[in-house]
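Novice:
There are 2 protein chains.
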Amino acid sequence: MRYSAAMTDDTLNGEDSIIQEFLAPLAAGYPGAFGLKDDCAVIAPPAGSDLVVKTDPIVAGVHFLPNAEPDDIAWRALAVNVSDLAGKGATPIAYVMALSLPEAPKRTWMAKFAAGLAEAQRAFGCHLIGGDTDRAPGSVTVTITAFGTVPAGTLVRRGTARAGDQIFVTGTLGDAALGLAVLQQSPLDIGRLGFGAADALGMMKRFLRPQPRLALGPLLRAHASAAMDLSDGLAKDCGRMCLASGVGARLFLAALPLSAAMRKAIARDEAWQKTAVSGGDDYEILAAVPQDKAAAFLSDAAKLDFPVTRIGEMIGGHGVRIDRPDGSELILDRTGWDHF
Amino acid sequence: MRYSAAMTDDTLNGEDSIIQEFLAPLAAGYPGAFGLKDDCAVIAPPAGSDLVVKTDPIVAGVHFLPNAEPDDIAWRALAVNVSDLAGKGATPIAYVMALSLPEAPKRTWMAKFAAGLAEAQRAFGCHLIGGDTDRAPGSVTVTITAFGTVPAGTLVRRGTARAGDQIFVTGTLGDAALGLAVLQQSPLDIGRLGFGAADALGMMKRFLRPQPRLALGPLLRAHASAAMDLSDGLAKDCGRMCLASGVGARLFLAALPLSAAMRKAIARDEAWQKTAVSGGDDYEILAAVPQDKAAAFLSDAAKLDFPVTRIGEMIGGHGVRIDRPDGSELILDRTGWDHF
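Residue numbers (the numbering used here), protein chains in the order written: chain A, 1 to 340; chain B, 1001 to 1340.
Structure follows, in structure tokens:
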């Protein structure tokens, strides 16, 4: 029932050798990983902390481009999960990975993939502690389950925003969707977007290397009533927070934080404005902060190396309303991504 | 970059509705699952316990037949992970699941899948606490990460067997591989296997519904020097235990526990004997027990509702030798499954 493998010289033959040569080094320093030589891993969370868990797979052709570089794939696979931890105020400690490949990987591919994972786990402060490597027909799929900790009882929930809360977002919006559009252009014509090569590179990097906003964690735990990361677009994800919280949201289009490149793109074609509102893959954090804590939140946020911007407020009712500067409502033909 | 969906009447439209209608009921009773309404789950392991983690995906056409029933797929997805926990002496508490489907599921499919999960988690004593549902080209893939607990420091390792240890195995060997052979026969000719319809059904069930040997956990923790579950065949997995432990193993072919159906198949065609040794998907437990604890282990095991059988001993050197009754060595053309 499983597939036998045709091997070539530089093809890796054997799950055990892939694990020991390329993946075991990523487990070094975490005792409960047992060097990836056992069937299970052990996590012993520090006393007084809760363990926070997230699993989110990425699939070639769905969540990343089929021709993506293996180090970018690896980074993304870990970053999208760590971003969810960041949105809950958690600190990453470890992850397990199920790697599914349609054919036995080349040595160069596997080395670059492992290097991307190494870079990501160093950046996010966690270790690989277990997993599985499989050959399966279909697309390259990386399913990471990430673990983080919060002081017991301090996880920042999604469904606890209240009417009157101020709404904040980290970073800038829509860049990743814009970067994806650049990556998908063929032939490449960035002039059409109104910006230059450096802008294009910056936007592509925003898509290829999501940066989980882990530094916001302590601020979320101290000040936020609700928070979550943005993966399916601001409008859709904010709608989810509203639905879970039983409130509505009013966002101000003019307040949305935009990169210089996005501003140029919008100046050339206003349609990009909707990308900032509904484009996916931002991996920024959306936070609701009670009015009496907003000043302290912003003051603490000023010390971070990314912007934190007030973009609206929670209101009674339900749904997300986005106001243009003239007070009219921005109507979206789609609010974000849904997989079905 | 993601795929839009073509919907029909009884097709489920929307990840959120799939989660809330079919999956959220599986999270009921576990506070840290938040009803699957948040981005992450929280696990608070009891004080004095270690959290044990395992992730192992199953893919249509690789780990289960493409025409498998959805409830059997769900059972298998959880059982293969829980079996790993069982092999470490751990008690399951929770799991997260990434479900990847090539097209939006029908309501009937999803209901049956959820029913299979419900049945499995009831049998194994754990809850769904989070996950992700995606549409991705390729095959149905279910990636479960399972969590269990052991009293702190009592995880039973793979690499700690010693020369002189007695080797035990639960249940009977090769049945699942035999059941898979029956399921793959077309046209069905079970007479050729030397057994009847009831035998065939029993073997098919052994493949379709693996039964993790959780009841062995306390015995492993009390008596075993090393243990692991068997998923890739006795010879290969025993070889892994030997390699990790720096010992060799001598197994006695005549001692291997075989079901009545397997005995009939072997009587008709001796080649099935090798299936008992190297066929995958047993999900039985292999345990090494020091000689001075073997009697107590067997005495405790007599109270279980599955057999526990001594099949050999750990010896100096390396590798797995399988002795025929006449003292000659059984030579295998392949020792078990490898995915690459």
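Beta carbons are placed, not taken as given, at the ideal position from N, Cα and C, and that holds for glycine.
1) According to DSSP, is Phe124(A) helix, strand or coil?
2) Which of the residues in the region 1127-1145 of chain B, read from start to end, lie with their CB under 8 Å from any CB of chain A?
3) Taking 7 Å as the cut-off, is the C-beta of Pro1212(B) nearer than that to any heavy atom in the ligand MG?
4) Which of the three DSSP states, helix, strand or coil, is assigned to Pro66(A)?
5) Using the C-alpha atoms, what's the distance from Arg1157(B) back to Pro1325(B)?
6) Determine whether the Cβ of Lys1054(B) lies closer than 8 Å to any Cβ atom of chain A.
7) Can you find a C-beta in chain A that's less than 8 Å from the C-beta of Gly1236(B)?
8) Identify the contact partners of Lys88(A) in chain B, using a Cβ-Cβ distance below 8 Å as the criterion.
9) How would you list, in chain order, the residues of chain B whose beta-carbon sits under 8 Å from the beta-carbon of Met262(A)?
10) Taking one C-beta from the region 1263-1278 of chain B and one from the region 1221-1239 of chain B each time, how about it: are there three or more such pairs within less than 8 Å?
11) Which same chain residues, not among the five before or five after Arg1148(B), have their C-beta less than 7 Å away from its C-beta?
12) Is Gly239(A) buried or exposed, if buried means 16 or more other CB atoms sit within 10 Å of its CB?
13) So, helix, strand or coil for Val1140(B), using DSSP?
14) I need the DSSP call for Glu1021(B), collapsed to helix, strand or coil.
15) Below 8 Å on the Cβ atoms is my contact criterion, and I expect Val96(A) with Ile129(A) to pass it. Report the Cβ-Cβ distance as a whole number of Å.
16) To the nearest angstrom, how far is the alpha carbon of Gly1131(B) from that of Leu1253(B)?
17) Per the DSSP calculation, Ile58(A) is bridged to which residue(s)?
18) Can you pull the chain B neighbours of Ile43(A), defined as C-beta to C-beta under 7 Å?
19) For chain A, find out if any of its Cβ atoms is closer than 8 Å to the Cβ of Trp1289(B); answer yes or no.
20) Using the beta-carbon count (16 or more within 10 Å), is Ala1028(B) buried or exposed?
21) Can you list the residues of chain A that Arg1157(B) reaches, using a CB-CB cut of under 8 Å?
22) Which stretch, first to last residue, makes up the beta strand (DSSP E) that contains Gln1166(B)?
23) Tell me, please, which residues DSSP counts as bridged to Arg1135(B).
24) Ala1261(B) to Ala1079(B), Cα distance in whole Å?
25) Going by other Cβ atoms of all chains shown within 10 Å of its Cβ, with 16 needed for buried, is Arg122(A) buried or exposed?
26) Can you tell me whether Gly87(A) is helix, strand or coil according to DSSP?
27) Label Arg1209(B) either buried or exposed according to how many other C-beta atoms from any shown protein chain fall within 10 Å of its C-beta, with 16 as the threshold for buried.
28) Is it buried or exposed for Ser83(A), if we count other Cβ within 10 angstroms and need 16 for buried?
29) Does the beta-carbon of Ala296(A) have 16 or more other beta-carbons within 10 angstroms, so that it is buried, or is it exposed?
30) Measuring straight from C-alpha to C-alpha, what distance separates Ser4(A) and Gly138(A)?
31) Could you give the residue range of the beta strand (DSSP E) that holds Asp1323(B)?
32) With H, G and I counted as helix, E and B as strand and the rest as coil, what does DSSP make of Ser1342(B)?
33) For Ser186(A), which of helix, strand or coil comes out of DSSP?
34) Of all the CB atoms in chain B, is at least one closer than 8 Å to the CB of Ser100(A)?
35) How big is the Cα-Cα spacing for Ser225(A) and Met241(A)?
36) Determine, using beta carbons only, whether Ala1255(B) and Gly1174(B) come nearer to each other than 8 Å.
Specialist: The short version:
1) Numbered from its first residue, the first sequence carries residue 124(A) at position 124. DSSP places Phe124(A) in helix when its eight states are reduced to three.
2) Ile1129, Gly1130, Gly1131, Asp1132, Thr1133, Asp1134, Arg1135, Ala1136, Pro1137, Gly1138, Ser1139, Thr1141, Thr1143, Thr1145
3) As for the ligand MG, it is missing from this structure, which has no ligand bound.
4) Within the first sequence, numbered from 1, the residue matching residue 66(A) stands at position 66. Note: Pro66(A) maps to coil in three-state DSSP.
5) On the second sequence, position 325 is the one that residue 1325(B) refers to. On the second sequence, position 157 is the one that residue 1157(B) refers to. Whole-angstrom Cα-Cα distance: 31 Å.
6) As a position in the second sequence, residue 1054(B) is number 54, starting the count at 1. So yes, Lys1054(B) belongs to the interface.
7) Numbered from its first residue, the second sequence carries residue 1236(B) at position 236. The question names Gly, yet the displayed sequence has Lys at residue 1236(B). Chain A, which has no Cβ nearer than 8 Å to the Cβ of Lys1236(B), makes this no.
8) As a working note, residue 88(A) is residue 88 in the first sequence. By Cβ distance, chain B contributes Asp1038, Asp1039, Cys1040.
9) Mapped onto the first sequence, residue 262(A) falls at position 262. The premise fails here: Met262(A) is roughly 18 Å from chain B at the closest Cβ pair, so nothing lies under 8 Å.
10) yes
11) For this step, residue 1148(B) is matched to residue 148 along the second sequence. Note on identity: in this sequence residue 1148(B) is Gly, with Arg being the wrong assignment. Excluding residues within five positions, the ones whose Cβ falls inside 7 Å are Val1052, Leu1085, Ala1090, Thr1091, Pro1092, Ile1093.
12) To locate residue 239(A), count along the first sequence from 1; it is residue 239. Classification of Gly239(A): buried, given that the 10 Å Cβ count is 16 or more.
13) For this step, residue 1140(B) is matched to residue 140 along the second sequence. If DSSP states are grouped into helix, strand and coil, Val1140(B) belongs with coil.
14) Position 21 of the second sequence, counting from 1, holds the residue named residue 1021(B). Glu1021(B): helix per DSSP, three-state reduction.
15) As a working mapping, residue 96(A) is identified with position 96 in the first sequence. As a working mapping, residue 129(A) is identified with position 129 in the first sequence. Between Ile129(A) and Val96(A) the Cβ distance is about 6 Å, and since that is below 8 Å, they are a contact.
16) Within the second sequence, numbered from 1, the residue matching residue 1131(B) stands at position 131. Within the second sequence, numbered from 1, the residue matching residue 1253(B) stands at position 253. Taking the straight line joining both Cα atoms gives about 43 Å.
17) As a first step, residue 58(A) must be located in the first sequence, where it is residue number 58. Note: Ile58(A) sits in a beta bridge opposite Val142(A).
18) Taking the first sequence and counting its residues from 1, one reaches residue 43(A) at position 43. Here the neighbours are Leu1051, Val1053.
19) Here residue 1289(B) corresponds to residue number 289 of the second sequence, with the count starting at 1. Strictly speaking, residue 1289(B) in this sequence is Val, with Trp absent from that position. Not an interface residue.
20) Counting from 1 along the second sequence, the entry for residue 1028(B) is found at position 28. By the 10 Å Cβ count, Ala1028(B) comes out exposed.
21) As a working mapping, residue 1157(B) is identified with position 157 in the second sequence. What Arg1157(B) touches in chain A: Phe34, Asp38.
22) Position 166 of the second sequence, counting from 1, holds the residue named residue 1166(B). 1166-1170 is the extent of the beta strand (DSSP E) around Gln1166(B).
23) Stepping through the second sequence from its first residue, residue 1135(B) is reached at position 135. In DSSP, Arg1135(B) forms a bridge with Leu1101(B).
24) As a first step, residue 1261(B) is located in the second sequence; it is residue number 261 there, counting from the start. As a first step, residue 1079(B) is located in the second sequence; it is residue number 79 there, counting from the start. Roughly 23 Å separates the two Cα atoms.
25) Locating residue 122(A) in the first sequence gives position 122, counting from the first residue. Classification of Arg122(A): exposed, given that the 10 Å Cβ count is below 16.
26) Looking up residue 87(A) in the first sequence gives position 87. Helix.
27) On the second sequence, residue 1209(B) is found 209 positions in, with the first residue counted as 1. It is buried - the Cβ of Arg1209(B) has at least 16 other Cβ atoms within 10 Å.
28) The residue labelled residue 83(A) in the question sits at position 83 within the first sequence. With 16 or more other Cβ atoms within 10 Å, it is buried.
29) For the purposes of this step, residue 296(A) is taken as residue 296 along the first sequence, with counting starting at 1. So Ala296(A) counts as exposed.
30) Counting from one through the first sequence, the residue named residue 4(A) turns up at place 4. Counting from one through the first sequence, the residue named residue 138(A) turns up at place 138. Caution is warranted here: a pLDDT of 29 is assigned to Ser4(A), below 50, making its placement in the model unreliable, and no coordinate value can be reported.
31) Against the second sequence, residue 1323(B) aligns to sequence position 323. Element bounds for Asp1323(B): 1319-1323.
32) Nothing about residue 1342(B) can be read from this structure; chain B reaches only from 1001 to 1340.
33) Residue numbering aside, residue 186(A) sits at position 186 when the first sequence is read from its first letter. Coil, per DSSP.
34) For this step, residue 100(A) is matched to residue 100 along the first sequence. Yes, Ser100(A) lies at the interface with chain B (some Cβ there is under 8 Å from its Cβ).
35) Here the question's residue 225(A) lines up with position 225 in the first sequence. Here the question's residue 241(A) lines up with position 241 in the first sequence. Those two C-alpha atoms are separated by around 11 Å.
36) Stepping through the second sequence from its first residue, residue 1255(B) is reached at position 255. Stepping through the second sequence from its first residue, residue 1174(B) is reached at position 174. In this structure, Gly1174(B) does not lie closer than 8 Å to Ala1255(B) by Cβ.
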